[in-house]
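Peer 1: Sharing a structure, written as structure tokens. Questions coming.
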Amino acid sequence: MKRPWIEIYAMLLVSMIGIQSVHSESAISPTGKQLYQAYCSQCHGLEGDGFGVNSYDLDVAPRDHTDTDEMSARTDEELFKAVKFGGKSVNKSVLMPAWEGNLSDDEIHRLVAYLRQLCCTEAR
Ligand code: HEC
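Residue numbers (numbering that gives the first Met the number 0): 0 to 123.
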């Protein structure tokens, strides 16, 4: 005997999962902090202080992003450029990678906002 309700149930379930994944994609776009911890912390440190696990092997020390004086001397545009096109684009070391192939402009803007939070606010 055929039991069509099983098929209907299965179809419903599949469509619900479909709808949910579409929703979660937009709902969970990573924050600047999450992006930083995923892509930047290995060099700049989880706390942004420049002491990531890779930092000890680099000839040029990664910027301490909690350094208020140094970071205040940069405009948001300069930080954006450094992240998007790499250290070389702002006359810094090539050891700072260019992220344009991996991060969208929107993600880089979120990162710059997080850099401002790291350097210049208490909320880290
Ligand atoms: C492979 C190691 C490495 C990774 C990964 C890395 N950086 Fe860097 N970054 C560096 C180094 C080294 C410098 C210092 C360059 C210099 O001073 O000449 C630097 C410099 C910078 C600067 C320039 C600071 C200034 O003095 O103007 C910014 C902004 C920056 N990094 C942001 C980021 C962000 C955001 C990420 C993650 C998307 C990231 N970095 C990932 C190594 C890294």
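Note that beta-carbon positions come from the ideal geometry of N, C-alpha and C, so glycine has one too.
Whole angstroms are fine: how far does the CA of methionine 70 sit from the CA of tyrosine 55?
Peer 2: Going from the Cα of tyrosine 55 to the Cα of methionine 70 covers about 21 Å.
Peer 1: Is tyrosine 38 near the ligand HEC, judged by its Cβ being under 8 Å from some heavy atom?
Peer 2: Yes, Cβ of tyrosine 38 sits closer than 8 Å to a heavy atom of the ligand HEC.
Peer 1: Could you pull the start and end residues of the alpha helix (DSSP H) that valine 59 belongs to?
Peer 2: Where valine 59 is concerned, there is no enclosing alpha helix (DSSP H), given that its DSSP letter is neither H nor E.
Peer 1: Comparing C-alpha positions only, which one of Val93, Ala97, Leu114 sits nearest to threonine 65?
Peer 2: Of the candidates Val93, Ala97, Leu114, the one whose C-alpha sits nearest the C-alpha of threonine 65 is Leu114.
Peer 1: When you compare the CB of asparagine 53 with every CB in chain B, is at least one pair closer than 9 Å?
Peer 2: You won't find chain B in this structure, because it holds only one protein chain.
Peer 1: Suppose the cutoff is 8 Å on Cβ atoms and the five residues either side in sequence are ignored; what does the same chain contact list for aspartate 75 look like?
Peer 2: The answer, listed in chain order, is Val111, Arg115.
Peer 1: Nearest CA to the CA of asparagine 101: which residue from Val82, Leu57, Ala60, Ile7?
Peer 2: The candidate whose alpha carbon is nearest that of asparagine 101 is Val82.
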